[in-house]
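Please read the structure below before turning to the comments.
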Amino acid sequence: MEELAGFVNGSVNRRKVLEILESKGATDPQRVAKIARLIPSATDKIIKELEENGLVQKTGDGKIELTADGKVIVDYTRAL
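Numbers 2 to 81, taken from our numbering, label the letters of the sequence shown in order.
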């Protein structure tokens with residue numbers, strides 16, 4: 002848990018993406034980039050990293066959503 006929290010807190014943009022997904026629910030990557038004010042390629046990289054760590058997953062329609070672990074990490078990092 003602490004290792005994942007460190008991974009998330011190691012980047013303001015990772016945390017921002019997770020918080021956007023928590024507040025908006027399943028969202029397409031382009032919308033996440035727009036809300037986060039990130040270039041799409043940077044957002045895609047962040048999403049891939051988060052997906053590799055089991056914090057987000059793609060839905061059948063190409064949107065991104067938090068996993069159960071992602072929700073726990075968002076709450077955990079907010080409490081730090």
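Just so you know, even glycine gets a beta-carbon here, dropped at the ideal spot from N, CA and C.
Please read all numbers here as calculations on a predicted model, not as lab measurements.
Classification of residue i by the beta-carbon crowding that lies within 10 angstroms, buried from 16 upward
| i | result |
| --- | --- |
| Arg15 | buried |
| Ala43 | exposed |
Cβ pair residue i, residue j closer than 7 angstroms
| i | j | result |
| --- | --- | --- |
| Glu23 | Val75 | yes |
| Ala27 | Thr68 | no |
| Ile48 | Ala37 | no |
| Pro41 | Ile65 | no |
Straight-line gap, residue i to residue j (C-alpha atoms, nearest Å)
| i | j | result |
| --- | --- | --- |
| Glu52 | Leu81 | 22 angstroms |
| Thr78 | Gly11 | 11 angstroms |
| Glu1 | Asp70 | With the chain covering only 2 through 81, there is no way to say anything about residue 1. |
| Gly55 | Lys25 | 19 angstroms |
| Leu39 | Val9 | 17 angstroms |
In chain order, which continuous runs of the beta strand (DSSP E) of length 3 or greater are located wholly inside the region 5-59?
57-59
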